[in-house]
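Working notes, structure below.
Residue numbers (this note's numbering): 955 to 1201.
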């Protein structure tokens, strides 16, 4: 698909870019007119101003007669890991029945106001990679259900962004813990300490997905020395930046 600056017109090839990775058996249920209608609406959504760092989420019921059975969930976002998996997990949690999933990653150039200036196949100066999640579910008849889904998906994307942006800091903090145990080991049996350090090294070597990290202080309280963990204020990273998120 070649670059385009005519945001009012759906460019040739955009429908293929949108649905090109979708399952053929899912696409077979749609008429060419329905797919063209969906592509035109997705293009208009993509073209609208979107500030960096802010997802643009829509949940709507298409009016076209050949789309009467679906509710459309569409979100434009900065490209990050886990966006689609997290979306599908929340839809499953909400009991939504999937009909079609499309998730192209696109190279866009946006102006100072966030409006799209051009779209192309290859990244270049000034372009950003953006995620377009386009999902159909069996039509949701309950407006309260749609409102709840909108709210929960917003929380999902906030959590993904926090986990993604804080991932290097979380990994570095875990690596520093291993270094501390090597250089100033606590008074523990050598074999237990070696096993702990080896495990921490394994975590920090990209074998674990860090979603959140928070430092706790262990204290002994009560007459039977029952352990108590107190969170260290301001130590939260990722989804645990929010002190109200409990583990």
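All residues carry an ideal CB built from backbone N, CA and C; glycine is no exception. Small disclaimer: the values here were computed from a predicted structure and weren't measured.
Hey, how far is the Cα of residue i from the Cα of residue j?
i: residue 1035; j: residue 1115; result: 9 Å
i: residue 968; j: residue 1056; result: 13 Å
i: residue 1025; j: residue 1112; result: 23 Å
i: residue 1123; j: residue 985; result: 48 Å
i: residue 1042; j: residue 1094; result: 16 Å
i: residue 1184; j: residue 1191; result: 16 Å
i: residue 983; j: residue 1054; result: 10 Å
i: residue 1083; j: residue 979; result: 28 Å
i: residue 1081; j: residue 1006; result: 12 Å
i: residue 1177; j: residue 1189; result: In this predicted model, residue 1177 has a pLDDT of only 48, less than 50, meaning its place in the structure is not dependable enough to derive any value.
i: residue 1128; j: residue 1108; result: 29 Å
i: residue 1132; j: residue 1172; result: 18 Å
i: residue 1104; j: residue 1032; result: 18 Å
i: residue 1060; j: residue 1135; result: 44 Å
i: residue 1051; j: residue 1121; result: 32 Å
i: residue 1168; j: residue 1038; result: 26 Å
i: residue 1170; j: residue 1187; result: 9 Å
i: residue 1101; j: residue 1023; result: 19 Å
i: residue 1012; j: residue 1125; result: 34 Å
i: residue 973; j: residue 1000; result: 15 Å
i: residue 1118; j: residue 1155; result: 20 Å
i: residue 1151; j: residue 1098; result: 49 Å
i: residue 1141; j: residue 1096; result: 60 Å
i: residue 1046; j: residue 1137; result: 46 Å
i: residue 976; j: residue 1066; result: 33 Å
i: residue 966; j: residue 1020; result: 22 Å
Quickly, what does DSSP pair residue i with across the bridge? List them, please.
i: residue 1070; result: 1064
i: residue 1082; result: 1062
i: residue 1089; result: 1027, 1055
Helix, strand or coil: which one does DSSP assign to residue i?
i: residue 1183; result: strand
i: residue 970; result: helix
i: residue 1137; result: helix
i: residue 978; result: helix
i: residue 1032; result: strand
i: residue 1193; result: helix
i: residue 1202; result: In this structure the chain extends from 955 to 1201, so residue 1202 is not present and cannot be described.
i: residue 1142; result: coil
i: residue 991; result: helix
i: residue 1097; result: helix
i: residue 983; result: coil
i: residue 1122; result: helix
i: residue 1106; result: helix
i: residue 1188; result: coil
i: residue 1117; result: helix
i: residue 1199; result: coil
i: residue 1164; result: coil
i: residue 1112; result: helix
i: residue 1002; result: coil
i: residue 963; result: coil
Thinking residue i and residue j are a contact (beta carbons under 8 Å), I'd like their distance in whole angstroms, please.
i: residue 1193; j: residue 1165; result: 5 Å
i: residue 996; j: residue 1018; result: With a Cβ gap of about 14 Å, residue 996 and residue 1018 do not count as contacting.
i: residue 1110; j: residue 1040; result: 5 Å
i: residue 1028; j: residue 1087; result: 7 Å
i: residue 1009; j: residue 1030; result: 7 Å
i: residue 1068; j: residue 1003; result: 4 Å
i: residue 1058; j: residue 971; result: 5 Å
i: residue 1048; j: residue 1106; result: 7 Å
Which runs of the alpha helix (DSSP H) at least 4 residues long sit entirely within the region 1004-1051? Give them in chain order. Counting only runs of 4 or more, we get 1037-1047.
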